[in-house]
Every structure is written in C-alpha cells, then in structure tokens.
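Scroll down for the structure; my scribbles are underneath it.
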Amino acid sequence: MMKLMFIGASICDIILVTPYLSKPGDIVYLDKGITISIGGHPCNISIDLVKLGYKPSDIYIVSAIGEDFCGKFIEENLRNFSLNLKLFKISRVGSNKNIILVVDGEDRRFHAEVGASMYLPLEDVINYIVEVKPRLLHIAPGLLGDIDTHLSTVLSIAKDIDAVTFIDIGVAKPYGKEDWGFLLESLKYVDILHCSRYELKNIFGTEDIYTNIRNILERGVKMVIVTDGEKGAYIAKDGYVLYQRAFKVNAVDPTGAGDAFQAGFLYKLIELVKNRLDEDYINSIGYDELVEILTYAQAVGAICVTEPGTTTAIARENVERLLNEQKDSVIKTTTRIKL
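Residue numbers (my numbering): 2 to 340.
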C-alpha cells in the first residue's frame with residue numbers, strides 16, 4: 002500500500018439526535034442518547050480507511066490538539082488504530098469541539114469552538130510532508146490558520162515531491178476569513194477536490210451545480226467530487242459529469258458521511274491503481290473505473306449514517322452486504338452529463 006497523509010482539524014464531537022429542539026426552559030429526553038466521539042476530516046477518513054482494510058502504518062495524520070481532556074480523548078482514540086500521528090499540542094487554547102444537533106427530518110446544526118487547529122505550525126507541517134513523501138496528500142482547509150493562508154505554498158511543495166493532492170472543503174465557510182479566495186488561488190495545484198453541494202454553492206454563490214463544477218475544472222483541478230446527501234453524488238472530469246443516486250438506508254445520523262464517502266473513494270481508487278497513483282493516472286482514469294469507484298464510495302457513505310457517530314457503523318462486511326443488496330440497482334441510475 003502507499004503512504005497517505007491527512008492534514009486538518011481534529012475535533013471532539015458531541016452529537017445528539019432529537020425529535021425536536023426544546024423550547025427555552027424546557028427539556029427533551031433523548032431516546033437515542035448523546036454520543037461523544039472524535040471527529041474532523043483527517044481523523045474520520047483515516048479510521049474509516051483502517052476499518053475498510055487499509056494498512057494503518059501507511060496512514061499519517063497531521064493535526065493540532067489542546068492540552069485538555071478533549072485533546073487526550075482524541076489522541077487516545079487515534080492511537081487505538083495504530084496510525085502515524087503528528088499531533089501538535091497547543092497550550093494556549095483548547096482542542097476543537099463541536100456540538101452537533103441532529104433533528105429528525107432536518108440537516109445537522111453545528112456549533113463549533115475553533116481552537117488548536119488554528120495554530121498548526123506551517124513550517125513544521127511542510128517539513129513533515131517533505132520527510133514522509135506521501136503518495137497522496139489530503140488537506141481539509143478552512144480551520145487551519147497559517148496553513149490556509151499559505152495553502153498554495155503547501156500544495157506546490159507537495160507537487161514538487163510528486164504527491165497527488167486532494168482538497169476537501171469540509172466547512173460551510175472558512176474561520177477567520179471572509180471567503181474562499183485563498184482556496185481558489187490554490188486550485189492550480191489540486192488534483193482532486195471534494196465538497197458537498199451546499200459547500201459548493203457557498204464558494205461561488207450560485208445554485209447551478211454544473212456551472213460551479215465547470216468553474217473548478219477550468220481552474221486546473223483534474224477531478225471534482227460533489228456529494229448531495231440522500232440525493233446521491235457527482236464525479237466530474239474531462240468535460241463530463243457522472244451522477245448516481247444514493248443507496249437507500251435507514252438514516253440515523255448523517256455526521257461523517259462525507260468523510261466516509263471519501264474513505265471509500267480512496268480505498269477503491271488505490272485498489273484499482275495498484276501503486277500507479279499519480280497525476281497521469283488521475284487524468285487517464287476511465288468511465289467504468291469511475292462508476293466502480295463512485296458506487297463503492299456511496300456505499301461506504303450510506304453505511305456511515307446508519308448509526309450515531311462519525312465512524313461507528315463503518316465495517317467492511319457492512320459495506321459488502323449493502324453492495325450485494327443494492328449495487329446493481331444503484332449503478333443503473335448512473336448518468337453521464339456533458340459539461
């Protein structure tokens with residue numbers, strides 16, 4: 002297997018699933034309880050990959066935590082998966098925390114405290130990238146302070162060591178910045194980009210998904226992935242878009258579904274390339290391979306939402322069972338649209 006590096010915020014997630022929001026002074030008793038788990042894109046994707054069968058010694062996480070209970074909780078849970086951890090401990094602020102309200106029939110509500118991730122040290126991170134030389138570098142910008150400000154520099158250095166670069170837009174708006182201008186300036190160094198349809202709209206200010214995708218491709222990105230929850234997902238490259246509807250499951254908690262999708266995408270992509278993952282392969286990957294990758298990624302994302310927590314439900318056998326039940330019917334919905 003090849004080395005994968007994930008850079009982003011590690012978060013202590015407090016998730017509650019409720020039939021409705023309580024009125025001021027009132028109380029709601031929660032049948033589904035309150036879940037405390039680690040979150041953040043590098044953590045979720047890495048754990049999901051291990052649960053799917055990826056070798057943990059080939060996965061590197063770069064993040065920052067506070068010297069507090071949540072920091073210890075994050076580190077201990079990650080060490081349980083035998084991952085390579087580069088966790089910078091920041092004393093002057095706490096760890097990132099996020100209270101997530103999941104109301105039946107509605108999208109999630111996030112209430113985040115942004116702390117340690119904003120102090121991820123730029124020079125140390127760059128030195129670690131050069132030292133490890135990952136085959137793929139995945140960055141989730143938006144909460145990363147100097148890493149966000151100098152994103153183009155970080156990505157250009159990754160390209161200098163021949164890494165495939167993958168950007169995940171995992172927040173609705175960047176913290177401490179007015180817009181995503183810093184990201185748009187860096188897209189010339191990006192091979193693969195993932196975001197949700199909602200996040201894509203926030204970047205460009207328009208609902209037209211095809212116009213937004215075309216805008217990203219024209220800036221130099223080789224492949225664009227857009228997830229749209231229970232409606233399905235899109236993959237775009239070479240002037241066309243593949244759309245595929247989602248798998249049908251009993252959704253309990255959608256938190257982490259986008260990360261699970263990306264884990265499934267990477268797992269199947271790497272399985273198919275057999276150590277040939279590079280920019281040339283991303284450019285040459287064909288229609289049939291894209292359909293196979295998209296289908297597997299969607300299955301992993303669908304499994305994620307069947308239990309509370311960002312990674313709780315992920316297991317290879319669960320994914321395989323869902324594929325056996327619905328793969329053929331989902332593939333039949335795949336549509337190719339010319340941009």
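Don't be surprised by glycine CBs; every beta carbon is placed ideally from N, CA and C. Keep in mind it's a predicted model, so treat the numbers as computed, not measured.
Requested in this report: Evaluate L31 with the Cβ neighbour count: other Cβ atoms within 10 Å of its Cβ, from every protein chain shown; 16 or more gives buried, anything less gives exposed.
Outcome: Under this definition L31 is an exposed residue.
Report task. Give a yes or no on whether the C-beta atoms belonging to A65 and Y21 are separated by under 8 Å. Result -> Judged by their CB atoms, A65 and Y21 are not nearer to each other than the 8 Å cut-off.
Query raised in the report: Just to confirm, are I283 and K189 a CB contact at a threshold of 8 Å?
Result: Between I283 and K189, the CB-CB gap reaches or exceeds 8 Å.
Query raised in the report: If you compare alpha carbons, which of V301, E272, S118 is closest to A247?
Result: That would be V301, whose Cα lies nearest to the Cα of A247.
Query - Beta-carbon proximity of C196 to S96, cut-off 8 Å - result: Contact: no.
Query raised in the report: Taking Cβ positions, are I158 and I193 nearer each other than 8 Å?
Result: Not a contact, by the Cβ cut-off of 8 Å.
Query - Limits of the alpha helix (DSSP H) - the one that V155 falls within - result: Segment 152-161, the alpha helix (DSSP H) holding V155.
Query raised in the report: What is the residue span of the alpha helix (DSSP H) that D281 lies within?
Result: Boundaries of the alpha helix (DSSP H) harbouring D281: 280-285, taken from the DSSP string.
Query - L138 vs M3 beta-carbon contact at 8 Å - result: In this structure, L138 sits away from M3, with a CB-CB distance that is not shorter than 8 Å.
**Report entry** Local Cβ density within 10 Å of F266, reported as buried at 16 or more and exposed below that
**Finding:** So F266 counts as buried.
Requested in this report: Taking Y244 and I338 to be in contact with their CB atoms under 8 Å, please state how far apart those CB atoms are, rounded to whole angstroms.
Outcome: That belief holds up - the Cβ atoms of Y244 and I338 are roughly 6 Å apart, short of 8 Å.
Query raised in the report: Quick check: the segment 52-63 against the segment 305-318, are there 3 or more CB pairs under 8 Å?
Result: Judged by Cβ distances under 8 Å, the segment 52-63 makes contact with the segment 305-318, as three or more pairs qualify.
Query - Sheet register partners of C13 (DSSP bridge) - result: BP columns for C13 point to I39, K98.
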